[in-house]
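As you go down the protein sequences, you meet chains D and Y in turn. The opening residue of the first sequence carries number 3 in my numbering; numbering runs sequentially from there. The opening residue of the second sequence carries number 246 in my numbering; numbering runs sequentially from there. Data first, discussion second: the structure below is written as structure tokens.
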Amino acid sequence: MFEDLAFWVSYITNGKHLTWYASFQFTIYAALLGGALAVIFGLTGATLKNSRFAVLRLIGTIYSSIVRGVPDVLFFLFFPLAFEQAVEWFVATQVCTPESIAAQTSPWPPCREANWFLGTTEYLLLASVSLGLVYGAFATNVIHGAMRAVPAGQLEAARAYGMSASQVLWRVHIRQMWVYALPGLSNVWMLIVKATSLLSLLQIADIVLWADRLGAPNFLPTVGLVHDDWRWRYYLVLFLFYILVTWLSERAFEAIMRRAGRGILSEVPA
Amino acid sequence: MVSMKQAEPVTAGASPVVELRDIHKSFGALEVLKGISFTAREGQVVSLIGSSGSGKSTLLRCINMLEVPDRGDVLIDGEAVALSGDGPARRIGDENQIRRIRSELGMVFQSFNLWAHMTVLGNVMEAPLVVQKRDRAEVEAEARAMLDKVGIGSKADAYPAQLSGGQQQRAAIARALCINPRVMLFDEPTSALDPELEVEVLRVIKLLADEGRTMILVTHDMDFARSVSDRVIFLHQGLIEEEGTPDEVFGATKSARLKQFLNAANHA
Ligand SMILES: Nc1ncnc2c1ncn2[C@@H]1O[C@H](COP(=O)(O)OP(=O)(O)O)[C@@H](O)[C@H]1O
Ligand SMILES: [Mg+2]
């Protein structure tokens, strides 16, 4: 019994399992960075939609309506590849010589010097930007609606007291907008969290990929068959992880809402 | 009835603080102001009266350019507010100038418009700190003094939504006072209040009038206008129909329309 326990402890702390545990950080980084970018793109998109200039309004509207309809899986595949090749194309125009182009055997990139090798960090950044772009389109809609919910009289008062346009925007408009945007943004955040399960599409060895590998029937020369197909057990761990993240997110949003809603949400008259 | 105003009547020689010259304003096809001129001098209280929709708020909002007049000029302390363009396309000409001028005009709105996410003290300190860029300790001392003055010193740390309407409007008056305004602009400050809360706000405004502050007041309350004003202006269909001292306007009414309006107001 004790020997069994010792075996399983050493099994779940072996190198591959430790790598799996470490890969949870990729998921967390991608969610946090993707979420922050989605808010930034959302603020930008909402500002464009509110612009005085028709061209900017059009850009904001096109972004929020078109990108919302693009499946995240597709965008995940499209954006990093398109970005990588665009960079390689640009670098090629700078560094390739006729000789290096002649020496290149594969169809892409134009010459070997222009090749851009993407490691996990680069893919993680591109994945986060993809998440930010896709879900920023949802955030644009949420924030745009929330901006309109801020009482106009308070913005007018800010102007009447001599605040500049950017002071009105940041000190009153955006500050109060959060209260109306947070319920919608918490939905967007949960979508982003769920979409992090797509990281393996970008050859990132993420939690899903490792659960797949570790759950497959395992045979060690020293002990024989350790376990047969255990994938559902490993997937169950991922379920629990995502449930934990959901629970933590809800607590965090409640706390932010309490802070942002101070004075605005249901104050008891004194 | 004699005027109840206690301060010395302000002489016509005092320097002009707000001067409007031939102000026109239309909203689409609706011509709301059709050429209005008047001057509020240092220490004067000027009341604007007139039926609902006669353009009183619009005129008041032209003073600080919340509405840009299509035609005509606004001068604050003799300085003309820069405007560019013509007619409905007319815009504020100089953002820095208008911000500086606005930071000296204390506006009090019908619906208070306190910033909901700030405490009462935060509301009062906001413009002095971020617009006038004054020293925080000095501003806080002054803000607390202003809140005491309007009688809500104990509510400094409450949020606007926790106050009664009358308390909110007094907080809004403290906010206007704390910028050390050249002139106070009131747009029907008691219209959103229950009658029993009106009194406490009117008392504060009366106090400010007696201190000799320059004020322009849009009001429905004829008794109050009579007791507090140096000049009363009656707007009708976008023009000044009658103006004068309270005794002239209320005691020796000339215009038939004003008589009609005052009769209706008395029976309201
Ligand atoms: N921003 C605006 N857009 C269109 N019409 C307006 C606007 N502001 C005021 N008006 C119209 O102008 C007229 C005068 O309004 P207002 O100045 O508020 O009158 P008062 O304050 O005397 O009741 C009203 O008919 C009102 O509907
Ligand atoms: Mg009005």
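Every residue, glycine too, gets a C-beta built ideally from N, C-alpha and C. All figures in this text were calculated on a predicted structure; none of them were measured in a lab.
Exercise. With distances taken Cα to Cα, identify the nearest neighbour of D/Trp118 among D/Pro73, D/Thr142, D/Phe85.
Key: One-based indexing of the first sequence puts residue 118 of chain D at position 116. Checked all of D/Pro73, D/Thr142, D/Phe85; the closest Cα to D/Trp118 is D/Phe85.
Quiz prompt | C-alpha gap between D/Pro153 and Y/Asn341, whole angstroms | solution = As a first step, residue 153 of chain D must be located in the first sequence, where it is residue number 151. As a first step, residue 341 of chain Y must be located in the second sequence, where it is residue number 96. In a straight line, the C-alpha of D/Pro153 is about 25 Å away from that of Y/Asn341.
Self-check item: Burial state of D/Trp10, where buried means 16 or more other Cβ atoms lie within 10 Å
Solution: In the first sequence, the residue the question calls residue 10 of chain D occupies position 8. Counting of Cβ neighbours within 10 angstroms places D/Trp10 among the exposed residues, the total staying below 16.
Self-check item: Nearest-residue set for ligand 1, Cβ under 5 Å from any heavy atom
Solution: Those residues that bring their Cβ nearer than 5 Å to a heavy atom of ligand 1 are Y/Phe272, Y/Val277, Y/Ser297, Y/Gly298, Y/Ser299, Y/Gly300, Y/Lys301, Y/Ser302, Y/Thr303.
Self-check item: Cβ distance (whole Å) where D/Tyr182 is taken to contact D/Ala148 below 8 Å
Solution: In the first sequence, counting from the first residue as 1, residue 182 of chain D sits at position 180. In the first sequence, counting from the first residue as 1, residue 148 of chain D sits at position 146. About 4 Å separates the CB atoms of D/Tyr182 and D/Ala148; that is less than 8 Å, so the two are in contact.
Self-check item: Three-state class that DSSP yields for Y/Lys378 in the structure shown
Solution: Taking the second sequence and counting its residues from 1, the one referred to as residue 378 of chain Y is at position 133. Reduced to three states, the DSSP call for Y/Lys378 is coil.
Quiz prompt | Beta-carbon contacts of D/Pro271 that lie in its chain and below 7 Å, excluding the five residues immediately before and after | solution = What you label residue 271 of chain D is simply residue 269 of the first sequence in a count that begins at 1. Caution applies to D/Pro271, whose pLDDT of 48 falls short of 50 and renders its modelled position unreliable; the value that the coordinates give is listed next. Excluding five sequence positions before and after D/Pro271, none of the CB atoms of its chain fall closer than 7 Å to its own CB.
Practice problem: Report yes if the CB atom of Y/Val369 is closer than 8 Å to the CB atom of Y/Met352, and no otherwise. | Solution: Counting from one through the second sequence, the residue named residue 369 of chain Y turns up at place 124. Counting from one through the second sequence, the residue named residue 352 of chain Y turns up at place 107. The Cβ-Cβ distance between Y/Val369 and Y/Met352 does not fall below 8 Å.
Quiz item: From Y/Met467, Y/Gly258, Y/Glu456, pick the residue whose C-alpha is nearest to that of Y/Gly496; which is it?
Solution: Your numbering for residue 496 of chain Y matches position 251 in the second sequence. When each option's Cα is compared against that of Y/Gly496, the closest is Y/Met467.
Practice problem: Determine the direct distance from the alpha carbon of D/Ala32 to that of Y/Ala419, and round the result to whole angstroms. | Solution: Taking the first residue of the second sequence as position 1, residue 419 of chain Y is located at position 174. Taking the first residue of the first sequence as position 1, residue 32 of chain D is located at position 30. Y/Ala419 and D/Ala32: Cα-Cα distance of roughly 48 Å.
Exercise. Tell me, please, which residues DSSP counts as bridged to Y/Phe283.
Key: Locating residue 283 of chain Y in the second sequence gives position 38, counting from the first residue. In the DSSP assignment, the residues bridged to Y/Phe283 are Y/Leu265.
Practice problem: Please determine, among Y/Asn358, Y/Ser472, Y/Glu383, the residue with the shortest C-alpha to C-alpha distance to Y/Gln414. | Solution: By one-based count along the second sequence, residue 414 of chain Y stands at place 169. With distances taken between Cα atoms, Y/Gln414 lies closest to Y/Asn358.
Quiz prompt | C-beta atoms of Y/Val365 and D/Met165 nearer than 8 Å | solution = As a working mapping, residue 365 of chain Y is identified with position 120 in the second sequence. As a working mapping, residue 165 of chain D is identified with position 163 in the first sequence. Judged by beta-carbon spacing, D/Met165 lies beyond the 8 Å limit of Y/Val365, meaning their Cβ atoms are not closer than that value.
Quiz item: Quick one: any contact between the segment 290 to 297 of chain Y and the segment 459 to 474 of chain Y, if contact means 3 or more CB pairs under 8 Å?
Solution: Touching, per the Cβ criterion.
Quiz prompt | Simplified DSSP state of D/Lys51, which is helix, strand or coil | solution = Mapped onto the first sequence, residue 51 of chain D falls at position 49. Looking at D/Lys51 - three-state DSSP - the assignment turns out to be helix.
Self-check item: Test: D/Tyr31 CB closer than 8 Å to a CB of chain Y
Solution: Counted from its first residue, the first sequence places residue 31 of chain D at position 29. It does not: the Cβ of D/Tyr31 has no partner Cβ on chain Y nearer than 8 Å.
Quiz item: Looking only at its own chain, which residues have a Cβ that is under 6 Å from the Cβ of Y/Ser297, when we skip the five neighbours before and after it?
Solution: The sequence position of residue 297 of chain Y within the second sequence is 52, counting from 1. The answer is none, since no qualifying residue turns up.
Practice problem: Could you work out which residues of chain D lie near Y/Ala352, taking near to mean beta carbons separated by less than 8 Å? | Solution: Residue numbering aside, residue 352 of chain Y sits at position 107 when the second sequence is read from its first letter. Just to set this straight, residue 352 of chain Y is Met in the shown sequence, not Ala. Ala159, Ala162, Tyr163, listed in chain order.
Quiz prompt | Under 8 Å by beta carbon: chain Y residues contacting D/Arg173 | solution = Indexing the first sequence from 1 puts residue 173 of chain D at position 171. Result: Glu371, Val375.
Quiz item: Would you say the segment 52 to 59 of chain D touches the segment 211 to 231 of chain D, given that touching needs at least three Cβ pairs under 8 Å?
Solution: No, the segment 52 to 59 of chain D does not touch the segment 211 to 231 of chain D.
Quiz item: Y/Val463: beta carbon under 7 Å from a heavy atom of ligand 2?
Solution: Taking the first residue of the second sequence as position 1, residue 463 of chain Y is located at position 218. Relative to ligand 2, Y/Val463 has its C-beta within less than 7 Å of a heavy atom.
Quiz item: From Y/Leu447 to Y/Phe469, what does the alpha carbon distance come to, in whole angstroms?
Solution: The residue you call residue 447 of chain Y lines up with position 202 of the second sequence. The residue you call residue 469 of chain Y lines up with position 224 of the second sequence. Just so you know, the alpha carbons of Y/Leu447 and Y/Phe469 end up roughly 8 Å apart.
Quiz item: If you run the structure through DSSP and keep just helix, strand and coil, what is Y/Asp475?
Solution: Taking the first residue of the second sequence as position 1, residue 475 of chain Y is located at position 230. DSSP, read as helix, strand or coil, puts Y/Asp475 in coil.
Exercise. Please go through the segment 177 to 263 of chain D and give each complete alpha helix (DSSP H) segment of 4 or more residues, from N-terminal end onward.
Key: Listed in chain order, the alpha helix (DSSP H) elements of length 4 or more contained wholly in the segment 177 to 263 of chain D are 177 to 197, 209 to 217, 233 to 262.
Quiz item: Which stretch, first to last residue, makes up the alpha helix (DSSP H) that contains D/Leu267?
Solution: Your numbering for residue 267 of chain D matches position 265 in the first sequence. Per DSSP, D/Leu267 belongs to no alpha helix (DSSP H) and is neither H nor E.
Practice problem: Please classify D/Phe80: does DSSP put it in a helix, a strand, or coil? | Solution: Locating residue 80 of chain D in the first sequence gives position 78, counting from the first residue. In this structure, D/Phe80 counts as helix in the three-state DSSP scheme.
Quiz item: Taking all protein chains shown into account, do 16 or more other C-beta atoms lie within 10 angstroms of the C-beta of D/Leu216, making it buried, or fewer, making it exposed?
Solution: As a working note, residue 216 of chain D is residue 214 in the first sequence. Counting Cβ neighbours within 10 Å, D/Leu216 comes out buried, since at least 16 surround it.
Quiz item: Does Y/Ile418 have its Cβ less than 8 Å from a Cβ in chain D?
Solution: By 1-based counting over the second sequence, the position of residue 418 of chain Y is 173. Chain D places no beta carbon closer than 8 Å to that of Y/Ile418, leaving this residue out of the contacts.
Quiz item: What in chain D is Cβ-close to Y/Ala327, meaning under 8 Å?
Solution: Taking the first residue of the second sequence as 1, we reach residue 327 of chain Y at position 82. Within chain D, not a single residue places a beta-carbon under 8 Å from that of Y/Ala327; the smallest gap is close to 15 Å.
Quiz item: Taking DSSP as the reference, what is the three-state secondary structure of Y/Ile397?
Solution: Translated into the one-based positions of the second sequence, residue 397 of chain Y becomes position 152. If DSSP states are grouped into helix, strand and coil, Y/Ile397 belongs with coil.
Practice problem: With DSSP as the reference, please indicate the residues paired to D/Ile61 in a beta bridge. | Solution: Indexing the first sequence from 1 puts residue 61 of chain D at position 59. Paired residue(s): none; D/Ile61 is not in a bridge.
Quiz item: What does D/Ser168 reach in chain Y if we use C-beta pairs closer than 8 Å?
Solution: Working through the first sequence from its first residue, we reach residue 168 of chain D at position 166. Here the premise fails: no neighbours, minimum Cβ distance about 11 Å.
Quiz prompt | D/His146 classed as buried or exposed, judged by whether at least 16 other C-beta atoms fall within 10 angstroms | solution = Residue mapping note: residue 146 of chain D aligns to position 144 of the first sequence, counting from 1. Label assigned to D/His146: buried.
Quiz item: What residues of chain D sit near Y/Leu320, judged by a beta carbon separation below 7 Å?
Solution: On the second sequence, residue 320 of chain Y is found 75 positions in, with the first residue counted as 1. Contact annotation for Y/Leu320 against chain D: no contact, minimum CB-CB distance about 18 Å [criterion: below 7 Å].
Self-check item: Nearest residue (CA-CA) to D/Leu133, options D/Arg70, D/His229, D/Glu115
Solution: Stepping through the first sequence from its first residue, residue 133 of chain D is reached at position 131. Of the candidates D/Arg70, D/His229, D/Glu115, the residue whose Cα lies closest to the Cα of D/Leu133 is D/Arg70.
Practice problem: Compute the Euclidean distance between the alpha carbons of Y/Thr498 and Y/His465, then round it to the nearest angstrom. | Solution: Along the second sequence, one-based indexing puts residue 498 of chain Y at 253. Along the second sequence, one-based indexing puts residue 465 of chain Y at 220. Their backbone Cα atoms lie some 17 Å apart in a straight line.
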